[in-house]
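J.:
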Amino acid sequence: MTEYYCETCANTHEFKDEWSDLQSKTLCLSQSSNETPEAISQAATTSDNKTMSIKVSCRFKDGMRAVSNVYDVSTRPITNSSLTGFTKEEINYAKMGMILLNILIDVLYDLLKQDKTFLRPRSDCDITYLYKEHRRIDKHKPSIGWGGTWLDIQSTNITIGDDIERIRNTRNELQHCKTFMLDDKRFNDLYDIIVDLLDRFDHHNKPSRLYTDQLNEIVAKTISAEELKAVENKISEMTIEVEIQHLVNVTPQ
Numbered sequence: 006m007t008e009y010y011c012e013t014c015a016n017t018h019e020f021k022d023e024w025s026d027l028q029s030k031t032l033c034l035s036q037s038s039n040e041t042p043e044a045i046s047q048a049a050t051t052s053d054n055k056t057m058s059i060k061v062s063c064r065f066k067d068g069m070r071a072v073s074n075v076y077d078v079s080t081r082p083i084t085n086s087s088l089t090g091f092t093k094e095e096i097n098y099a100k101m102g103m104i105l106l107n108i109l110i111d112v113l114y115d116l117l118k119q120d121k122t123f124l125r126p127r128s129d130c131d132i133t134y135l136y137k138e139h140r141r142i143d144k145h146k147p148s149i150g151w152g153g154t155w156l157d158i159q160s161t162n163i164t165i166g167d168d169i170e171r172i173r174n175t176r177n178e179l180q181h182c183k184t185f186m187l188d189d190k191r192f193n194d195l196y197d198i199i200v201d202l203l204d205r206f207d208h209h210n211k212p213s214r215l216y217t218d219q220l221n222e223i224v225a226k227t228i229s230a231e232e233l234k235a236v237e238n239k240i241s242e243m244t245i246e247v248e249i250q251h252l253v254n255v256t257p258q
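Every number in the working numbering is 5 more than the matching position in the sequence shown, counting from 1.
1. Does DSSP put Asn162 in a helix, in a strand, or in coil?
2. Is the beta carbon of Val200 less than 7 Å from the beta carbon of Ala99?
3. Does the separation of the CB atoms of Leu328 and Glu94 fall below 7 Å?
4. So the candidates are Gly150, Ile108, His139 and Lys234; which of them puts its Cα closest to the Cα of Lys118?
5. Using the C-alpha atoms, what's the distance from Pro126 back to Arg171?
6. Can you grab the Cα-Cα spacing for the pair Leu215 / Asp207, in whole Å?
7. Using only the alpha-carbon positions, how far apart do Cys182 and Thr92 sit?
8. Let me know if Phe123 comes out buried or exposed under the rule of 16 or more other beta-carbons within 10 Å of its beta-carbon.
9. In the DSSP assignment, find the unbroken alpha helix (DSSP H) run with Met103 in it and report its ends.
10. How many whole angstroms separate the CB atoms of Ile228 and Ile110, which I take to be in contact at a CB cut-off of 8 Å?
11. Taking the alpha carbon of Leu220 as the point to measure from, which residue in Lys211, His209 and Asp204 has its own alpha carbon closest?
12. In angstroms with no decimal places, state the Cα-to-Cα distance between Ile2 and Asp168.
13. So, with DSSP's three-state summary, where would you put Gln180?
14. In angstroms with no decimal places, state the Cα-to-Cα distance between Ile158 and Gly166.
15. What residue range does the alpha helix (DSSP H) around Phe5 cover?
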């Protein structure tokens with residue numbers, strides 16, 4: 006299980022899922038600290054208590070994944086030859102990571118351009134930011150609401166919002182993978198999901214180059230060792246924004 010370091014309470018916490026409802030989780034957030042870098046807090050009071058919603062931006066570099074079945078890519082000689090020594094599962098992961106980083110982020114960015122006048126440059130946008138903006142604008146509401154898991158999203162749920170959630174879940178699955186590996190079955194399952202949603206976005210976003218063509222190109226290509234290493238590094242260092250609601254007792258005035 007991935008853990009993150011919380012600067013607010015100078016402790017580590019278990020991270021289970023992005024944008025999940027964490028109201029029932031008890032975290033040792035400091036109630037007295039006024040200096041919380043990279044945190045934004047909002048409070049709403051009742052007669053007896055105060056609920057504080059805190060957003061903590063965390064940059065993960067999961068040490069467990071760095072040593073678990075990755076064979077320390079950085080120590081391997083980088084050549085232009087085929088990936089001798091890399092497993093099929095590692096190559097599957099690298100290709101799915103390239104699909105995420107090169108296509109699925111473009112999908113969310115191109116969609117957001119239609120609904121938002123002022124937008125960051127594409128190079129400054131990651132899935133965390135793009136998902137947050139889509140959720141804030143709330144134009145493309147998923148069938149079951151925001152934050153659904155793979156188990157919540159049915160094959161019949163094919164609205165734009167449902168596909169935004171599929172992209173988020175794909176990102177989370179790759180982010181939480183401890184081994185940088187995908188077996189053939191899971192790769193094919195994700196591929197089937199992604200090819201369907203990209204076909205829908207080809208019709209909706211009308212990109213200059215079809216997303217499905219880009220997908221087929223990545224699936225067919227030979228992945229270099231440099232590309233595999235770059236994908237692992239980029240996904241390892243993704244910034245996750247976790248929203249935590251913390252109940253604080255307040256003495257009535």
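Even glycine gets a Cβ: it sits at the ideal position worked out from N, Cα and C. For clarity, every value in this text was computed on a predicted model and none was experimentally measured.
T.: Taking the structure as given:
1. Here Asn162 sits in coil by DSSP.
2. The answer is no: Cβ separation not under 7 Å.
3. No statement about residue 328 is possible, as the shown extent of the chain runs from 6 to 258 and does not include it.
4. Residue His139 is the option with its Cα nearest to Lys118.
5. 24 Å
6. 6 Å
7. Whole-angstrom Cα-Cα distance: 16 Å.
8. exposed
9. Counting along the chain, Met103 sits inside the alpha helix (DSSP H) bounded by residues Lys93 to Ile104.
10. Between Ile110 and Ile228 the Cβ distance is about 19 Å, and since that is not below 8 Å, they are no contact.
11. Asp204
12. Nothing can be reported for residue 2, as the shown portion of the chain is limited to 6 through 258.
13. helix
14. 11 Å
15. Since the first residue shown for the chain is 6 and the last is 258, residue 5 is missing from the structure and cannot be characterised.
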